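If you use this note's numbering, the sequence shown corresponds to residues 1094 to 1316, in order.
To keep things clear, I will list the structure first and then write my remarks on it.
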Amino acid sequence: MSKEDHIFTFSGGKLISMVDTKIGNALVFNINGRNQSLNPSSIGNGTYFRQVSEYYAREQGFKGDVNYNIEPEGGTRGGFYSSASKSLTMTDITYLNSQNIYDIKSTVGHEVGHSKSKDPVSSFLEHAGVYLRQDLEGTSDAYKVNNANQFVNRVLNTFDSSKIDSDGMSKVIENYNDKNNGGVKIHGLNYMGTLNGANFKTSIDGMDKRNGFQYKKLDDPSQ
1094 MSKEDHIFTF SGGKLISMVD TKIGNALVFN INGRNQSLNP SSIGNGTYFR
1144 QVSEYYAREQ GFKGDVNYNI EPEGGTRGGF YSSASKSLTM TDITYLNSQN
1194 IYDIKSTVGH EVGHSKSKDP VSSFLEHAGV YLRQDLEGTS DAYKVNNANQ
1244 FVNRVLNTFD SSKIDSDGMS KVIENYNDKN NGGVKIHGLN YMGTLNGANF
1294 KTSIDGMDKR NGFQYKKLDD PSQ
């Protein structure tokens, strides 16, 4: 049996099946009977990545249109949800950042999460909640660490805008530790002096992980 977990089979450019081998965590494209490695930033491959994105979005209950874009040079968006068109758009950044299917599914799930909450998000704390509700099961440690980093950054932006105090931050972080399903814990948040020097420790299933956290002041809660 193949060691790749999700094998997407296409014929004539259309997705005809997905086989979960229950082994490994890689994304495999079988096109017209042959496994192929596809560049997510190639325009000609967009139809395949769009259909994979749509498959994962439908799995998570999303019923709107699913699109696929290639980010311009220097772009960083992995995806976004539009409340105006009730559509979800994933980008090549999601597929360039990781070949772990559970990382990809979780990123799609983040955008699906926006469709289930107020959009555009009206506060940094609301956006932090979208990160909390992501399904982290099976995702890589690096992905889990980044999820915690993104969560904390939005909590600190909430604090910076005087919408929460230190006790409130502690409660929100405790809630994250209790409710995320990736075994991720945030410990010892230290932000004394300047938020630019804020730091904390991250552990996954009791094991400490380096997080390389750097506070970033955000202009808009939807970021």
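Beta carbons are placed, not taken as given, at the ideal position from N, Cα and C, and that holds for glycine.
These numbers were taken from a predicted model, which means no experiment stands behind them.
Proximity of the segment 1219-1229 to the segment 1165-1177 falls short of the contact definition, fewer than three beta-carbon pairs being nearer than 8 Å. Under the 10 Å beta carbon count, aspartate 1260 is surrounded by fewer than 16 other beta carbons and is classified as exposed. Counting only residues of its own chain and dropping the five nearest sequence neighbours on each side, valine 1238 has a CB closer than 7 Å to the CB of Thr1295, Lys1302, Asn1304.
In the three-state reduction of the DSSP assignment, threonine 1114 falls in the coil class.
Straight through space, the alpha carbons of histidine 1203 and arginine 1247 are spaced by roughly 15 Å. Assignment of beta-bridge partners to glutamine 1129 by DSSP yields Phe1122.
In the three-state reduction of the DSSP assignment, lysine 1198 falls in the helix class, which pools H, G and I. Taking the CA atoms as reference points, methionine 1262 sits about 17 Å from valine 1277. Restricted to the segment 1231-1288, the alpha helix (DSSP H) segments that are unbroken, complete and at least 4 residues in length are 1234-1253, 1259-1272, listed in chain order.
Between alanine 1291 and tyrosine 1269, the gap from beta carbon to beta carbon reaches 7 Å or more.
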